[in-house]
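Data first, discussion second: the structure below is written as structure tokens.
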Amino acid sequence: MNGKRYINEFLRLTCAPDLLALKVFQNAKEVTGSMAAYHAVRVHLLDSCNINLNDPQNALVAVGDGYTPRTAALFAFRSKWMCFSIDPLLRTKQYNVKRLWLDQCRIEECHFNFRFSEWNNVIVVLVHNHAPMKAVLGAIEAKPSKLHIVAIPCCAEQYIPGKIEIGYIDRNIWSPKNEVRIWRKL
454 MNGKRYINEF
464 LRLTCAPDLL
474 ALKVFQNAKE
484 VTGSMAAYHA
494 VRVHLLDSCN
504 INLNDPQNAL
514 VAVGDGYTPR
524 TAALFAFRSK
534 WMCFSIDPLL
544 RTKQYNVKRL
554 WLDQCRIEEC
564 HFNFRFSEWN
574 NVIVVLVHNH
584 APMKAVLGAI
594 EAKPSKLHIV
604 AIPCCAEQYI
614 PGKIEIGYID
624 RNIWSPKNEV
634 RIWRKL
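Counting in our numbering, the sequence shown runs from 454 upward without gaps.
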């Protein structure tokens, strides 16, 4: 909980003023969680899964994004992906962010079928969300080997039985809940 890496990186982003003006982050803890998810995608998915941030045929689904679409908005600004923010408490005011789609619902009430569409990859990001992994996997379908998940769990079950994951502690997340889990090519 002592790292300043993500705060320093965030402040250097050209989109930081826009994200701050939108008030998608309520505090530094939220910034570090979203930045940690972006870092995990960049380091553990892009090269190993042949994913490109500039490919508009990729989709990001931020499940349990909170009152504001913080993680989805960060990815929308930093990539060309279509970014979906899902949370039952999401304030659905106009955020005027390209490629950002909001849905005020529980993931159990959603169904995303990317399997028979033009999408190349679907990246699901779960930053301190409260939905169990079983519900997330039941709501999102993708082409075989094109679904990837980054989870930073807090209280909900975030395991996929029988699937190998990458796991590590990220001390740059300003929360005691700073474990990162990644599943590739599900």
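Glycine included, each C-beta is placed from N, C-alpha and C at the ideal position.
Please read all numbers here as calculations on a predicted model, not as lab measurements.
At the level of alpha carbons, what is the spacing between residue i and residue j?
i    : j    : result
I626 : S570 : 35 Å
R624 : N461 : 14 Å
C608 : E632 : 12 Å
Q557 : V494 : 25 Å
M454 : K482 : Low confidence applies to M454: its pLDDT is 49, below 50, so where it sits in the model is not reliable enough to give any reading.
F548 : L555 : Correcting the residue type first, residue 548 is Tyr in the shown sequence and not Phe. Looking at the two C-alpha atoms, the distance is approximately 9 Å.
Three-state secondary structure (DSSP) at residue i?
i    : result
R634 : strand
E561 : helix
G620 : strand
A489 : helix
M454 : Note that M454 has pLDDT 49, beneath the 50 cutoff, so the model's placement of it is unreliable and the number below is only indicative. If DSSP states are grouped into helix, strand and coil, M454 belongs with coil.
H583 : coil
V494 : helix
A609 : coil
N566 : strand
Since I believe residue j is in contact with residue i (beta carbons under 8 Å), could you give me their beta-carbon distance rounded to a whole number of angstroms?
i    : j    : result
E610 : P585 : 5 Å
S487 : L513 : 11 Å between Cβ atoms; not a contact.
K533 : D508 : 6 Å
G615 : R634 : Going by Cβ atoms, the distance from G615 to R634 rounds to 14 Å, so no, they are not a contact pair.
A525 : K551 : At roughly 12 Å, the Cβ-Cβ gap does not stay under 8 Å, so A525 and K551 are not in contact.
Who does residue i pair with in a DSSP beta bridge?
i    : result
A512 : M535, V575
L527 : Paired residues: none, contrary to the question.
Three-pair Cβ contact test at 8 Å for the region 536 to 554 versus the region 514 to 523: The region 536 to 554 is in contact with the region 514 to 523.
The region 571 to 581 contacting the region 597 to 606, beta-carbon criterion three pairs below 8 Å: They touch, by the three-pair rule.
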